[in-house]
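Chemist:
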Amino acid sequence: MNENDQVEFENTPAPVRTTTSSAVKTAGRESASLDLFMDVMLKVTVELGRTRMTLQQVLDLQNGSVVELDRLAGDPVDVFVNDLLIARGEVVVVDDKFGVRITEVISPENRKGNL
48 MNENDQVEFE NTPAPVRTTT SSAVKTAGRE SASLDLFMDV MLKVTVELGR
98 TRMTLQQVLD LQNGSVVELD RLAGDPVDVF VNDLLIARGE VVVVDDKFGV
148 RITEVISPEN RKGNL
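Letter 32 of the sequence shown, counting from 1, is numbered 79 in the working numbering, and no numbers are missing.
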């Protein structure tokens, strides 16, 4: 649809839904309870890739050494919150700093399988 399209609505009254005051109070308490956690700091980790190295290879690392990872340049990176995979994204640069543009959010059902 664009701004020039016209929409016609049927003049049917919408059903009225009523709630009890206890349901409203419960919803309000749940919202207030959740608000208590909004300032909790979480550890966010972005993983570019992985590799395995022998102890000797690790001991041989020096300035300028390159560690090859299991992903190609441009492949999605994994975003973990408190060690739980929650999203995938692409690496971006923002004001000379690395960032991640989220391209896929892992569904809560699939997150459970990553525990």
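Every residue gets a Cβ at the ideal spot worked out from N, C-alpha and C, and that includes glycine.
Note that this is a predicted model, so its numbers are computed, not measured.
In chain order, what residues of the same chain lie with their CB nearer than 8 Å to the CB of Ile133, ignoring the 5 residues before and after it?
Modeler: Numbered from 1 along the sequence shown, position 86 holds the residue referred to as residue 133. Counting only Cβ-Cβ distances below 8 Å, and skipping sequence neighbours, we find Val126, Phe127, Val152, Ile153 and Arg158.
Chemist: What do you reckon, are the CB atoms on Glu156 and Val124 nearer than 8 Å?
Modeler: Position 109 of the sequence shown holds residue 156. Position 77 of the sequence shown holds residue 124. Not in contact: Glu156 and Val124 (Cβ atoms no closer than 8 Å).
Chemist: Pull up the CB-CB distance for Leu83 and Asn129, whole angstroms please, since I reckon it's below 8 Å.
Modeler: Residue mapping note: residue 83 aligns to position 36 of the sequence shown, counting from 1. Residue mapping note: residue 129 aligns to position 82 of the sequence shown, counting from 1. Contact flag wrong, Cβ pair sits at about 18 Å.
Chemist: Counting only the same chain and skipping the five closest in sequence on each side, list residues whose C-beta sits under 6 Å from that of Phe56.
Modeler: As a position in the sequence shown, residue 56 is number 9, starting the count at 1. Any reading at Phe56 must be qualified, since the residue scores a pLDDT of 43, below 50, and its modelled position is unreliable; the value itself is stated next. Excluding sequence neighbours, Phe56 sits near nothing in its chain.
Chemist: Would Gly96 pass as a contact of Leu116 if the rule is Cβ separation under 8 Å?
Modeler: As a position in the sequence shown, residue 96 is number 49, starting the count at 1. As a position in the sequence shown, residue 116 is number 69, starting the count at 1. Contact flag set, yes.
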